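Enquirer: As numbered in my numbering, the sequence shown has no gaps in its residue numbers, which increase by one up to the final residue, 735.
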Amino acid sequence: MNSIVCPLKSSVSATILALGMLAVQPAFATDDTWVGNTSINWATAANWNPAAVPVAGDDLLFGLAGTAGANLTNDIAAGTFFTGITFNSGASAFTFFGNSIGITSGMTNSSGVTQTISNNIVLGGNATVDTEAGGTTILASLISGNFGLTNNGAGTLILATNTTFGANGSTFTGGVTVNAGTLQISQPPQGGKTCLGSGPLTVNAGAMVTDNADGYGYGSGSVPTIYVNGGAINSYKGTYPNICFVNGGTIKVFGAFGTLNGNGSACGITNLPSGATAIMGADPSAAAGTWNNTKPLTLSVAQGTVTGGPYPGVDMLFSATLRHSGLVFKTGNGTLEMSGANSGVTGFTISNGTVVISGSLPSSCMVTNAGGALCGSNSISGSVTDVSSAAQINQETNYLITGAAGTLTIGGNLDMSAGGDCSLDLVTSAASGNDSIAVGGALVLGSGTVFHLKALGGSANLAAADYVLIQGSSPPSGSVNPAPAWDGTVPANAGGYSVQISGNNVILRPNYVPLVTSAAAAPSPATNGENVLLTVVVTNGTPLYNVTVNASAIGASSSVALALQGSGVTPGVGYVYTNTVAVATTNAGNYLLPINVTDSASYTVSNNVPLTVAVYLTWNGDAGGNSKWDTAGELEWRNGLVYGQEDTVRFDDTATGLNATNVNLEAALSPAGVVVSNTAGTPTGIYTFNDGTGAGGGSIIGSGGVIKQGSGELLMAEGSDGFSNGIVVGGGTLIYS
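Structure, rendered in structure tokens:
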């Protein structure tokens, strides 16, 4: 039998094949609306409209609860993937239990009330949860799948770990992104796991995450990083992994403390370049919160473009207290401000960029500056060491950030021996308003440390006075470059200043202003009626000088003019000015006699001459020549004074009484001390102490001593010495007979 070939076979076959393909394709997704008048079970067809049990790919819609109630059970096959779940506007508040639910697209809550899903959830695609304002969606679930979860809408999404609805330990890998509204993480974790899965958490601008307990589960290191992209995280208690600020944002501690754990062995907080400040802060309405950390902490701060907002110039602000028992490392070229009262930090290394200390670092913290800039207006209780020539103490940066000059206080040592520079702001007054550094320990300068200075007054003249740049507690070692480097507009009189070490301090001194290099009074101590030589040495400025001393405190003129010695400058010393004044009746004590110096260019400087006035009685003798030293009120002493036991007495060349050098000791005399200062070849060149003219004579007794000064002689008769503190011969001759 011959075969019959049908020319239409191929097209008929194609048509049949096409029809067959259509027959095996799944049906289009159906919107299944819950009715719920029969039971609480999802697998009951009568509970849905249309009256059919939902199948994979359907959208589940919920409005008002039926007569069976709002606590529903999913008894459809576990893991059935639905496209999504929607709670319509005005819907009842539902709670779901039962088998796991597969989601490929997401959930929408437009109801304005709380919707709770306690079923485990399997993600079949990247899913969104869109909760409108006023509404709350609770996922008290184990969430799994190789996809992520995104929160949209102005409402609240709660990832709850309460075991009423399901244990903690979500394993989905795609991470959580919060675009809007609030993501709330609540209740403690189970077994240290996380309800966020193993992917990163990203918080975008306008969104907030609140951590009501340690629901992150970051202690296990299961979540790699938190990305804050302009959003906010409020932590009431949490253990955090590594953190990356993408475009500013805030993480604040609300409560006792949060914990920075990183990957379990080290922790890093990174700030990428942006125009917004990243903030690690604390609740501003309560006591400062604390971030705990026991791992090495690296703060990597990139240089951004932060020009506005409350923290201009600051790329990262760490305003909470950092309670850290290990090391902190600052990297990146950006600016980090530490404004909390930090504790426990043992070491802080600045690799580059800027660190502003507007809070404090503890005495346990040793700051190592390897190439950055350190500044601030508060306290570093420990020591600071610059270990490279690129390291700086830069208070100019502090001014740009805080808007005010300030003093950086370093309680320990400041070691700048590696050659780093120091930058400071100055105003037109030397008394206040200037940057400075106060050092409580040793100050070690480099070999010619350079000071960069910026005049905030622009070209206006600086004050004709010393500016204290570094205030030390002991004389510094090392040296400074005397020529300051001026930043910005230079003051008109800048050329007249140099950087110098003066005592314990590093100062900026005006060279064009007269300088008192020394001021002295001799003798000092001096006694009433004694002539005192005042000597003042002046340099700098424009010679010659008008030098006066106000000696009114010792009963002399209030304007004693001093005369220049010689015809000009004394080589290696300066211009020496002297004059002699007499000490009138003056109480014993230490006096500062004010000096006023005016140079030929009318610049004026002030200083003081120190003078000590002692309780001395100076011997004069009397016109009758009996020369009695007694306790009965003999008027043998200058200025009409009488001797009293324990007075200090002096015998010198000023005695004018008849036979004054023949001193008769008429009682047992116990002076606090005896000074004999006479000059050979003068009428008082020989003093004699006799044992008195009366019965039994007299002597010097007690715990005082005798000091012999000058080139003259002192003859002490036998029996005149009953004192116990010895004789000191500092000049002349002592004869004992």
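All C-beta atoms, glycine included, are put in the ideal place defined by N, C-alpha and C. As the structure is a computational prediction, the values presented were derived from the model and not from experiment.
Looking only at C-alpha atoms, which of A91, G143 and S109 sits nearest to I99?
Expert: Minimum Cα distance to I99 is reached at G143.
Enquirer: G164 by DSSP, collapsed to three states: which one?
Expert: Residue confidence for G164 is low, a pLDDT of 43 falling below 50, so the modelled location carries little weight; the figure read from the coordinates is stated next. If DSSP states are grouped into helix, strand and coil, G164 belongs with coil.
Enquirer: Between which two residues does the alpha helix (DSSP H) harbouring T400 extend?
Expert: T400 -> alpha helix (DSSP H) spans Q393 to T400.
Enquirer: Mapping the DSSP letters down to three states, classify N637 as helix, strand or coil.
Expert: The answer is helix: DSSP assigns N637 an H, G or I state.
Enquirer: First and last residue of the beta strand (DSSP E) that includes T42?
Expert: Here T42 belongs to no beta strand (DSSP E), and DSSP marks it neither H nor E.
Enquirer: Might you give, ordered along the chain, the residues of its own chain that have their beta carbon closer than 7 angstroms to the beta carbon of G720, omitting 5 neighbours on each side?
Expert: The answer, listed in chain order, is S697, I698 and I699.
Enquirer: Figure out for me which residue from G703, S557, P569 and Y573 has the closest Cα to the Cα of Q563.
Expert: That would be Y573, whose Cα lies nearest to the Cα of Q563.
Enquirer: Please determine, among T546, T65 and L155, the residue with the shortest C-alpha to C-alpha distance to N107.
Expert: Closest option to N107, Cα to Cα, is L155.
Enquirer: Let me know the secondary structure DSSP gives A559 once reduced to three states.
Expert: Three-state DSSP puts A559 in a strand.
Enquirer: Could you tell me the alpha carbon to alpha carbon distance between S361 and D413, rounded to whole angstroms?
Expert: The alpha-carbon atoms of S361 and D413 are separated by roughly 16 angstroms.
Enquirer: Do L297 and K250 count as a contact pair if the criterion is CB distance below 7 angstroms?
Expert: Their beta carbons are not under 7 angstroms apart, which means K250 does not touch L297 by this criterion.
Enquirer: Would you please state the rounded distance, in angstroms, between the beta carbons of T746 and T288? I believe it to be under 8 angstroms.
Expert: Beyond the ends of the chain as shown, which are -1 and 735, falls residue 746; an answer cannot be given.
Enquirer: Please say whether G438 and G409 have beta carbons closer to each other than 7 angstroms?
Expert: In this structure, G438 lies closer than 7 angstroms to G409 by Cβ.
Enquirer: Indicate whether F737 and A54 have their beta-carbon atoms separated by less than 7 angstroms.
Expert: Outside the modelled stretch of the chain, which goes from -1 to 735, sits residue 737, for which no answer is possible.
Enquirer: Any idea which residues DSSP pairs S341 with across the strands?
Expert: DSSP lists R321 as partners of S341.
Enquirer: Under 8 angstroms Cβ to Cβ from G307, same chain only, skipping five residues before and after it: list those, please.
Expert: Excluding sequence neighbours, G307 sits near A274 and T275.
Enquirer: Do three or more CB pairs link the segment 581 to 590 to the segment 618 to 626 at distances below 8 angstroms?
Expert: Short answer: they don't touch.
Enquirer: Tell me Q390's beta-bridge partners as DSSP assigns them.
Expert: According to DSSP, Q390 bridges with A371 and D419.
Enquirer: Is the Cβ-Cβ distance between D419 and L454 less than 7 angstroms?
Expert: No, Cβ-Cβ distance for D419 and L454 is not below 7 angstroms.
Enquirer: Taking the C-alpha atoms as reference points, what is the distance between A551 and T584?
Expert: So the two alpha carbons sit approximately 8 angstroms from each other.
Enquirer: Quick one: give me the first and last residue of the beta strand (DSSP E) that D645 is part of.
Expert: First-last for D645: undefined, no H or E at that position.
Enquirer: Hey, out of V726, G703, T686 and N676, whose CA is closest to M714's CA?
Expert: It is T686.
Enquirer: Since I believe P198 is in contact with Y225 (beta carbons under 8 angstroms), could you give me their beta-carbon distance rounded to a whole number of angstroms?
Expert: That pair is a contact at about 6 angstroms.
Enquirer: Starting from the C-beta of N118, find all residues in its chain whose C-beta is less than 6 angstroms away, skip the five residues before and the five after it, and write them out in chain order.
Expert: Excluding residues within five positions, the ones whose Cβ falls inside 6 angstroms are S98, S139 and L140.
Enquirer: I183 by DSSP, collapsed to three states: which one?
Expert: In the structure shown, I183 sits in a strand (DSSP, three-state: E or B).
Enquirer: Could you tell me whether the segment 480 to 494 touches the segment 512 to 524, using the rule of 3 or more Cβ pairs below 8 angstroms?
Expert: Short answer: they don't touch.
Enquirer: Does the Cβ of L591 lie closer than 6 angstroms to at least one heavy atom of the ligand NAP?
Expert: As presented, the structure is devoid of all ligands, the ligand NAP included, so that no description of it is given.
Enquirer: Residues in its own chain within less than 7 angstroms of G96 by CB, not counting five upstream and five downstream?
Expert: Taken in chain order, the residues that qualify are T71, N72, D73 and N117.
Enquirer: If you draw a straight line from the alpha carbon of V425 to that of L460, how long is it in whole angstroms?
Expert: Those two C-alpha atoms are separated by around 7 angstroms.
Enquirer: Go ahead and pull the three-state DSSP assignment for G213.
Expert: Residue confidence for G213 is low, a pLDDT of 47 falling below 50, so the modelled location carries little weight and cannot support an answer.
Enquirer: Using a beta-carbon distance below 7 angstroms, is N177 in contact with chain B?
Expert: In the displayed structure, chain B is absent; only one protein chain is listed.
Enquirer: Only counting the same chain, and skipping five residues up and downstream in sequence, which positions put a Cβ closer than 8 angstroms to that of Y601?
Expert: The residues are A462, Y510, V511, P512, G539 and T540.
Enquirer: If we count the other Cβ atoms within 10 Å of its Cβ and call it buried at 16 or more, is Q643 buried or exposed?
Expert: Exposed, by the Cβ-count rule.
Enquirer: Once DSSP output is grouped into helix, strand and coil, what is the label at S709?
Expert: DSSP places S709 in coil when its eight states are reduced to three.
Enquirer: DSSP state of S600, grouped into three classes?
Expert: Correct three-state label for S600: coil.
Enquirer: Drop a sphere of 10 angstroms on the beta-carbon of A178, count the other beta-carbons inside from all chains shown, and report buried for 16 or more, exposed for fewer.
Expert: Counting Cβ neighbours within 10 Å, A178 comes out buried, since at least 16 surround it.
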